[in-house]
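What follows is a short report on a single structure.
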């Protein structure tokens with residue numbers, strides 16, 4: 500059995516019902532909108548976010564879920580999908596998970612409006628059902644994701660990212676959404692309990708590990724469909740590179756920065772940078788940090804009794820680290 504299917508097993512029924520509810524939450528009276536949202540729904544990924552919502556909800560409440568849990572999972576997917584549609588416009592990207600992106604098929608104007616539509620659907624789903632606590636969790640996540648993206652853009656121009664700034668960027672850009680999924684799951688069944696904050700922290704730690712794993716792929720760890728060195732070509736400062744920049748001689752630092760700023764389209768030079776980062780302990784350092792976040796996340800799960808839901812969340816944490824793409 501594939502690892503993702505194994506993780507999903509204890510919530511298979513909820514995930515199936517969620518699919519139906521999610522499609523309903525996207526419906527509109529406008530035929531074009533329905534055609535596009537149908538296209539989006541049929542090209543979904545592994546659905547890790549709703550899986551986090553349901554697994555956490557069931558773990559903290561001895562296997563119970565409520566209508567609020569389904570709404571929480573729908574809100575997170577609606578708003579996450581909205582941000583992906585907008586991201587593809589911002590990045591001028593024509594592909595998403597191997598398929599054409601919305602902006603590639605329907606142009607930027609429609610893609611931006613679709614993103615706005617999905618965002619408003621998510622907000623209204625919460626407001627119409629008085630789920631203001633859930634709405635607050637997701638709204639904070641959206642604000643932080645935007646701040647994280649802008650902080651990264653600002654820092655990329657100067658290439659002066661310290662390790663702490665890097666952690667702040669990935670916390671906001673990536674970890675905050677997974678943190679929102681986990682705290683939403685807890686809040687949907689145990690509002691105002693200490694579990695909400697514990698699970699938020701748990702999700703944040705997984706998100707941090709997840710992003711560092713993504714950074715490592717850039718150094719050719721596996722075939723993942725994106726060419727090695729793409730982060731360097733885009734002048735993205737990732738942990739292996741930041742570590743080496745901060746722990747090398749002044750001469751090598753000048754060479755590295757010059758390579759990233761002025762020679763990032765030169766494939767030979769990019770390969771030399773990758774080799775330099777590997778040879779100077781950048782990957783080993785990043786792997787160590789990733790495993791630290793992983794073990795802290797697993798430690799938090801020990802606050803809960805052993806159950807199939809906790810086991811699935813443990814599998815999920817390990818999957819984040821061990822995945823090949």
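Numbering (our numbering), first residue to last: 500 to 824. C-beta atoms are modelled at their ideal positions from N, C-alpha and C, and glycine is treated no differently.
Between the CA atoms of residue j and residue i - distance to the nearest angstrom
i           : j           : result
residue 778 : residue 563 : 50 Å
residue 699 : residue 815 : 15 Å
residue 767 : residue 737 : 20 Å
residue 634 : residue 689 : 15 Å
residue 722 : residue 536 : Note that residue 722 has pLDDT 44, beneath the 50 cutoff, so the model's placement of it is unreliable and the number below is only indicative. Answer to the nearest angstrom: the Cα atoms are 30 Å apart.
residue 632 : residue 707 : 24 Å
residue 506 : residue 549 : 12 Å
residue 553 : residue 617 : 21 Å
residue 762 : residue 718 : 17 Å
residue 643 : residue 668 : 9 Å
residue 466 : residue 576 : Lying outside 500 to 824, the shown extent of the chain, residue 466 is not represented and no answer is given.
residue 566 : residue 517 : 10 Å
residue 746 : residue 515 : 50 Å
residue 485 : residue 735 : Since the displayed the chain opens at 500 and closes at 824, residue 485 lies outside it and no answer follows.
residue 805 : residue 662 : 36 Å
residue 601 : residue 695 : 35 Å
residue 528 : residue 615 : 16 Å
CB-CB length for residue i against residue j, believed under 8 Å
i           : j           : result
residue 640 : residue 679 : 4 Å
residue 819 : residue 716 : Contact flag wrong, Cβ pair sits at about 13 Å.
residue 704 : residue 671 : Incorrect: roughly 15 Å between the Cβ atoms, too far for contact.
Identity of the residue in the options nearest residue i by Cα
i           : options            : result
residue 512 : 741, 737, 617, 569 : 569
residue 691 : 760, 630, 524      : 630
residue 744 : 659, 810, 704      : 659
residue 817 : 796, 801, 740, 653 : 796
residue 733 : 764, 509, 746, 741 : 764
residue 711 : 747, 789, 589, 813 : 789
residue 645 : 804, 755, 601, 585 : 585
residue 532 : 661, 806, 611, 728 : 611
residue 825 : 742, 605, 821      : Because the chain is modelled from 500 through 824, residue 825 falls outside the range shown and cannot be assessed.
residue 619 : 573, 601, 661      : 573
residue 675 : 600, 663, 783, 636 : 636
residue 799 : 773, 693, 753, 514 : 693
residue 546 : 565, 735, 503, 793 : 503
residue 509 : 821, 808, 822, 823 : 808
residue 728 : 601, 769, 652, 661 : 769
residue 571 : 673, 501, 591, 638 : 638
Proximity test, residue i beta-carbon vs the ligand ZN heavy atom, cut-off 7 Å
i           : result
residue 700 : You won't find the ligand ZN in this model; it holds no ligand whatsoever.
Beta carbon proximity, residue i to chain C, threshold 8 Å
i           : result
residue 816 : Absent from the structure is chain C; it holds one protein chain and no more.
Check whether residue i and residue j have beta carbons under 8 Å apart
i           : j           : result
residue 677 : residue 702 : yes
residue 810 : residue 697 : no
residue 812 : residue 776 : no
residue 561 : residue 588 : no
residue 580 : residue 539 : yes
residue 756 : residue 772 : no
residue 714 : residue 730 : yes
**Cβ pair count under 8 Å reaching 3, the stretch 550-557 against the stretch 680-699** = yes
**Message:** If contact is defined by three or more beta carbon pairs under 8 Å, each pair taking one atom from either stretch, is the stretch 606-626 in contact with the stretch 520-527?
**Reply:** yes
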